[in-house]
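J.: Below is a structure I'd like to ask you about.
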Amino acid sequence: MSDREFEALEAAFREVLVARGIVTDAEIAERVEVLYGRTPELGARVVARAWFDPAYKARLLADGSAAVRELLEIDIGTLKLVVVENVPGVHNVIVCTLCSCYPRMLLGVPPDWYKSVTYRARVVRDPRGVLKEFGVALPPGVAVRVHDSTADMRYIVLPARPPDSEHLDEAACAALVTRDAMIGLAVPSLGS
Ligand code: FE
């Protein structure tokens, strides 16, 4: 489905919901406002907490939705959030090959390139090529796993803590975690 078709379908669906009194225009407007108010800073807080608190990290990897609710007290509805951890030998990247599903509850509105047909097709076929374009050169022994999001399941990457960040506190570490790092297309570093 093209973006335009999707938008038309979304508008039609929204009209039905409003017409039947299931939701109001005001509720939709409020929801949109909440989403636009979300920024990758939320995701960065989750990542930094996982770096500093091994018990929290274990809960986050076991049940992302519950762990996010616990830390940020935000309602993510019935969405299943799956946190994929970058470890030595495995690097994770997220995509939605079908449309543009994205962990908006933690990262806000997706960048245009994430929604582009080019990214969605290429990252599956040639993840290393895409990573290279984003400036990430992975050592040869590292496997790349691409995770395809769906309407009811979202992924977010838990990047590795930079090894030279030991002197930094949790808030300073959170500041190193960029949106692209949580998509899997950047690696947090002290220079970033
Ligand atoms: Fe999607």
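Just add 229 to the spot in the sequence shown (first one is 1) and you have this note's numbering. For each residue, glycine too, the CB sits at the ideal point set by N, CA and C. Note that the structure is a prediction, hence the values are computed from the model and not measured.
Of all the options 267, 387, 333 and 326, which has the alpha carbon lying nearest to the alpha carbon of residue 308?
T.: On the sequence shown, position 79 is the one that residue 308 refers to. If we check each option's Cα against that of residue 308, 333 comes out closest.
J.: Please confirm whether any heavy atom of the ligand FE lies closer than 8 Å to the CB of residue 279.
T.: The sequence position of residue 279 within the sequence shown is 50, counting from 1. Checking every heavy atom of the ligand FE against the Cβ of residue 279, none is found closer than 8 Å.
J.: Comparing alpha-carbon positions, which option in 248, 269, 349 and 263 lies nearest residue 405?
T.: Position 176 of the sequence shown, counted from the first residue, corresponds to residue 405. Considering only alpha carbons, the answer is 269.
J.: If you run the structure through DSSP and keep just helix, strand and coil, what is residue 322?
T.: As a position in the sequence shown, residue 322 is number 93, starting the count at 1. It is a strand residue.
J.: Cβ of residue 380 within 8 Å of any heavy atom in the ligand FE?
T.: Sequence index remark: in the sequence shown, residue 380 carries index 151 (1-based). Result yes, Cβ under 8 Å from the ligand FE.
J.: Spatial neighbours of residue 293 within its chain, please: CB distance less than 8 Å, with the 5 preceding and 5 following residues excluded, ordered by chain position.
T.: For the purposes of this step, residue 293 is taken as the residue at position 64 of the sequence shown. So the qualifying residues of the chain are 309, 310, 311, 312 and 385.
J.: Does the separation of the CB atoms of residue 305 and residue 316 fall below 9 Å?
T.: Taking the first residue of the sequence shown as position 1, residue 305 is located at position 76. Taking the first residue of the sequence shown as position 1, residue 316 is located at position 87. Cβ atoms of residue 305 and residue 316: not closer than 9 Å.
J.: In its own chain, which residues sit with a C-beta less than 6 Å from the C-beta of residue 412, not counting the 5 before and 5 after it?
T.: For the purposes of this step, residue 412 is taken as residue 183 along the sequence shown, with counting starting at 1. The residues are 323.
J.: How would you label residue 286, buried or exposed, when you count the other beta carbons within 10 angstroms and need 16 or more for buried?
T.: Mapped onto the sequence shown, residue 286 falls at position 57. Buried: at least 16 other Cβ atoms inside 10 Å.
J.: Apart from the five residues on each side of it in sequence, which residues of its chain come closer than 7 Å, Cβ to Cβ, to residue 318?
T.: What you label residue 318 is simply residue 89 of the sequence shown in a count that begins at 1. Counting only Cβ-Cβ distances below 7 Å, and skipping sequence neighbours, we find 370, 371 and 372.
J.: Less than 7 Å between C-beta atoms, sequence neighbours within five positions excluded: which residues of the same chain meet that for residue 393?
T.: Within the sequence shown, numbered from 1, the residue matching residue 393 stands at position 164. The residues are 419.
J.: Have a look at residue 251 and residue 259 and give me their C-alpha separation to the nearest angstrom.
T.: The residue you call residue 251 lines up with position 22 of the sequence shown. The residue you call residue 259 lines up with position 30 of the sequence shown. Their backbone Cα atoms lie some 15 Å apart in a straight line.
J.: Alpha helix (DSSP H) containing residue 385: first to last residue?
T.: Mapped onto the sequence shown, residue 385 falls at position 156. Careful: residue 385 lies outside any alpha helix (DSSP H), inside the beta strand (DSSP E) at 382–387.
J.: In chain order, which beta strand (DSSP E) runs of at least 3 residues are fully inside the segment 288–316?
T.: You should have 309–314.
J.: Leaving out five residues before and five after residue 359 in sequence, what residues of the same chain have Cβ atoms less than 8 Å from its Cβ?
T.: In the sequence shown, the residue the question calls residue 359 occupies position 130. Closer than 8 Å at the Cβ level, and outside the excluded window around residue 359, lie 322, 348, 351, 352 and 414.
J.: Could you please give me the residues that DSSP links to residue 377 through a beta bridge?
T.: Here residue 377 refers to the residue found at position 148 of the sequence shown. Bridge partners of residue 377: 324.
J.: Write down every uninterrupted run of the alpha helix (DSSP H) in the segment 386–416 whose length is 4 residues or greater and which is fully enclosed by it, in chain order.
T.: Complete alpha helix (DSSP H) runs here, min 4: 399–403 and 408–412.
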